[in-house]
Amino acid sequence: MPDPPDDAPPAVTPAADAPAPTADTPAAAPAQDPTPPPAEPLAEPPVQPPAETSAEPLAEPPAGPTKVSAQTVRMVARATVGGTAVRVALSNSFGHAPVRVEAAQIARHDSGAAIRADSSRALTFGGRAAVVLPTGAQIYSDPLEYDVPAQTDLVVSLYIPDEKVTPTTHELGLRTAWLAPGDQTATQDLWDATGFQSYAWLTGIDVLAPPTAATIVALGDSITDGAGTTPGADTPWPSSLARRLAARHDLPPRAVINMGIAGNRVLRETDGFGASALARFDRDVLARPGVRWVVLAEGGNDICFSFMGMPESERATAEDIIAGYRMLIGRAHLHGLRIIGCTLTQFGGTFVFTAESERMRQDVNRWIRDSGEFDAVVDLDAATRDPAAPTNLRAEFDSGDGIHPNDAGNQAIAEAFDLELFQG
Numbered sequence: 008m009p010d011p012p013d014d015a016p017p018a019v020t021p022a023a024d025a026p027a028p029t030a031d032t033p034a035a036a037p038a039q040d041p042t043p044p045p046a047e048p049l050a051e052p053p054v055q056p057p058a059e060t061s062a063e064p065l066a067e068p069p070a071g072p073t074k075v076s077a078q079t080v081r082m083v084a085r086a087t088v089g090g091t092a093v094r095v096a097l098s099n100s101f102g103h104a105p106v107r108v109e110a111a112q113i114a115r116h117d118s119g120a121a122i123r124a125d126s127s128r129a130l131t132f133g134g135r136a137a138v139v140l141p142t143g144a145q146i147y148s149d150p151l152e153y154d155v156p157a158q159t160d161l162v163v164s165l166y167i168p169d170e171k172v173t174p175t176t177h178e179l180g181l182r183t184a185w186l187a188p189g190d191q192t193a194t195q196d197l198w199d200a201t202g203f204q205s206y207a208w209l210t211g212i213d214v215l216a217p218p219t220a221a222t223i224v225a226l227g228d229s230i231t232d233g234a235g236t237t238p239g240a241d242t243p244w245p246s247s248l249a250r251r252l253a254a255r256h257d258l259p260p261r262a263v264i265n266m267g268i269a270g271n272r273v274l275r276e277t278d279g280f281g282a283s284a285l286a287r288f289d290r291d292v293l294a295r296p297g298v299r300w301v302v303l304a305e306g307g308n309d310i311c312f313s314f315m316g317m318p319e320s321e322r323a324t325a326e327d328i329i330a331g332y333r334m335l336i337g338r339a340h341l342h343g344l345r346i347i348g349c350t351l352t353q354f355g356g357t358f359v360f361t362a363e364s365e366r367m368r369q370d371v372n373r374w375i376r377d378s379g380e381f382d383a384v385v386d387l388d389a390a391t392r393d394p395a396a397p398t399n400l401r402a403e404f405d406s407g408d409g410i411h412p413n414d415a416g417n418q419a420i421a422e423a424f425d426l427e428l429f430q431g
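All residue numbers for the sequence shown refer to the numbering used here, where the first residue is 8 and numbers rise by one.
Put into structure tokens, the structure is as follows:
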């Protein structure tokens with residue numbers, strides 16, 4: 008969901024269209040196949056409450072670097088399923104020039120900027136330690152045998168040797184990352200490190216999972232991305248859903264990939280808020296190994312942006328959003344995927360709430376619930392609304408801006424899913 012218009016990321020910040028990484032897509036191939044699959048994401052700009060709310064402002068996370076100069080970037084991502092090998096995906100989708108990565112390592116996280124002793128392994132690219140990321144490209148490391156238990160925090164460290172390199176970023180990291188001088192990729196505990204909360208170049212860690220494993224992709228906006236949740240607590244609803252699935256020992260392994268981008272829309276792209284769901288569906292859903300389900304939790308920004316002084320060409324109607332849903336449903340079914348639709352949550356009492364915007368939300372939700380075009384529906388509106396004021400988020404679920412659920416609200420969203428949906 009959007010922040011007030013003047014809170015958009017500054018122009019010098021690369022577009023946050025690289026969905027952030029979360030370590031772990033299972034392989035579509037049998038366990039003996041040496042090529043592992045892709046991982047999960049995280050992303051989004053800092054959230055500030057609108058003037059209309061009386062809640063305390065949300066803390067703004069430390070900004071990520073706009074330039075990297077002969078420095079090591081160290082980032083943490085969590086694997087939702089276990090496996091026996093890994094590969095790392097790096098993206099220069101929004102860079103302005105090729106980027107040289109001189110060294111890259113993967114390790115298990117210890118605490119802070121430290122990795123566990125003896126857990127670090129060098130990554131290679133075509134058999135070489137260094138790689139150049141071409142402008143607009145995504146590159147995978149060579150598969151590396153590496154045991155990864157489910158729910159393990161993995162660390163990727165990259166050394167960028169050149170000066171003033173512009174990173175492709177995912178703005179809302181929710182896990183602290185670090186920037187340190189020189190090549191410290193293999194260093195156990197970084198020295199002279201500066202923390203921030205976003206991802207740079209890292210767009211996934213793929214885990215080679217058992218052949219019975221499958222992937223669930225959560226395609227959404229800032230609510231999916233985890234805006235309003237506690238940094239470092241791993242409480243966005245896709246993470247909580249992954250833990251619920253992992254606790255069901257009668258189910259095969261199910262990776263949950265968080266493809267949420269703050270401010271994202273179904274129909275149109277907005278600077279700093281990523282390619283639209285229609286534009287990124289191939290990259291963020293179809294290209295994920297082992298994908299079997301896609302959970303679509305998006306459309307609120309298409310409504311909200313229409314009431315934020317946008318040009319007429321940027322506005323959407325309920326019929327426009329429904330047409331976008333139908334195109335996404337068709338593309339999912341064309342590739343044999345089941346697609347689960349989520350109703351849109353509330354924004355009553357915020358700067359985008361009007362009688363017309365609420366009428367649009369209700370029209371879209373009615374279609375999601377009653378059309379029968381999705382393979383299944385999860386009613387997030389019912390799970391999070393205030394019974395006494397149904398246009399509002401429940402007070403105990405409100406992170407402070409009236410739009411983004413807090414940790415408890417995200418848990419309620421995760422619990423709204425019937426896990427039997429992911430049985431087959």
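Cβ atoms here follow ideal geometry from the backbone N, Cα and C, with glycine treated the same way. Predicted model only: the values in this text are computed from it and were never measured.
(request) Please report how far the alpha carbon of D405 lies from the alpha carbon of R115, in whole angstroms. (result) 33 angstroms
(request) Please confirm whether A84 and D160 have their CB atoms less than 9 angstroms apart. (result) yes
(request) For A157, count neighbouring C-beta atoms within 10 Å of its own C-beta (all shown protein chains included) and say buried if the count is 16 or more, exposed if not. (result) buried
(request) For F404, name the three-state secondary structure that DSSP assigns. (result) helix
(message) On the DSSP letters alone, give me the boundaries of the alpha helix (DSSP H) that R287 sits inside.
(response) A284 to F288
(message) At 4 residues or longer, what runs of the alpha helix (DSSP H) sit wholly inside the segment 295-365?
(response) 307-311 and 325-341
(request) Using 10 angstroms around the beta-carbon of R373, count the other beta-carbons present and answer buried if the total reaches 16, otherwise exposed. (result) exposed
(message) Is it buried or exposed, H177, if we count other Cβ atoms within 10 angstroms and call 16 or more buried?
(response) buried
(message) Here's the rule: buried if 16 or more other CB atoms are within 10 angstroms of the residue's CB, otherwise exposed. What is V19?
(response) Only weak support exists for where V19 lies, its pLDDT of 25 falling under 50; the coordinates are left without a value.
(request) Give the secondary structure of F132 by DSSP, where H, G and I count as helix, E and B as strand, and everything else as coil. (result) strand
(request) Classify Q369 as helix, strand or coil using the three-state DSSP reduction. (result) helix
(message) Suppose you measure from the CA of L428 to the CA of T201; what does that come to, to the nearest Å?
(response) 43 angstroms
(request) Tell me whether the beta-carbon of D169 lies closer than 9 angstroms to the beta-carbon of R81. (result) no
(request) Using DSSP bridges, identify the partner residues of T222. (result) A262 and V298
(request) Please report how far the alpha carbon of F101 lies from the alpha carbon of A325, in whole angstroms. (result) 31 angstroms
(request) Name the two residues that bound the continuous beta strand (DSSP E) containing R107. (result) V106 to V108
(request) State yes or no: is the C-beta of S313 within less than 9 angstroms of the C-beta of A323? (result) yes
(request) Would you kindly report the start and end of the unbroken beta strand (DSSP E) that includes W185? (result) A184 to P188
(request) Using the Cα positions of S118 and S229, report the straight-line distance between them to the nearest angstrom. (result) 27 angstroms
(request) Identify which residue in C349, R251, N413 and T192 has its Cα closest to the Cα of T87. (result) R251
(message) My output table needs one value for F429: the three-state DSSP class, helix, strand or coil.
(response) helix
(message) Quick check on DSSP: helix, strand or coil for A120?
(response) coil
(request) Identify whether I420 lies in helix, strand or coil by the three-state DSSP scheme. (result) helix
(request) Take A136 as the anchor and find which of H340, T142, E109 and I146 has the nearest alpha-carbon. (result) E109
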